[in-house]
Amino acid sequence: MSRTAGPPQAARDAHRGLKVSTGSSATSRLLHPQQLEARDGSRTGQFRPGTSLAQVQALWEFDNRIRLSTFAVLQHVENYLRALKGYSLGAVDPLTR
Numbered sequence: 001m002s003r004t005a006g007p008p009q010a011a012r013d014a015h016r017g018l019k020v021s022t023g024s025s026a027t028s029r030l031l032h033p034q035q036l037e038a039r040d041g042s043r044t045g046q047f048r049p050g051t052s053l054a055q056v057q058a059l060w061e062f063d064n065r066i067r068l069s070t071f072a073v074l075q076h077v078e079n080y081l082r083a084l085k086g087y088s089l090g091a092v093d094p095l096t097r
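So that you can map any letter, position 55 of the sequence shown is 55 in full-length UniProt numbering, and since no number is skipped, the others follow by simple counting.
Next comes the structure, spelled out in structure tokens:
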């Protein structure tokens, strides 16, 4: 089975309403929130007016910063709880794991 080559991804995205300033393409997971919805809730394949890859990248970077900050705090909480558990179990039996 052979596939016919269509237009490049950037050209298809530009045709669908996405402003593409570079030749790179983004994954559908990052672009999903920027796609327009039909009345029945399905995606139309068109992008919201004014959507650009720069906006998608900024959203991705923001999400990354929040995730890293959250896990940095959770790591301290996890270490505290492990130490508390170790001290509590050690008081009962020093060889408890």
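Cβ coordinates follow ideal geometry from the N, Cα and C atoms, glycine included. Here the structure is a predicted model, which means the values were calculated and not measured.
Residues bridged to residue i (per DSSP)
i, result
"Glu37", "Arg43"
Residue i - containing alpha helix (DSSP H), residue span
i, result
"Ser69", "Leu53 to Val92"
Exposure label - residue i; buried when at least 16 CB within 10 Å
i, result
"Val56", "buried"
"Phe62", "exposed"
"Leu84", "exposed"
"Thr51", "buried"
"Leu53", "buried"
Span separating the alpha-carbon of residue i from that of residue j
i, j, result
"Trp60", "Pro49", "19 Å"
"Phe47", "Gln35", "4 Å"
"Arg39", "Pro33", "16 Å"
"Arg82", "Ser88", "10 Å"
"Ser42", "Ile66", "29 Å"
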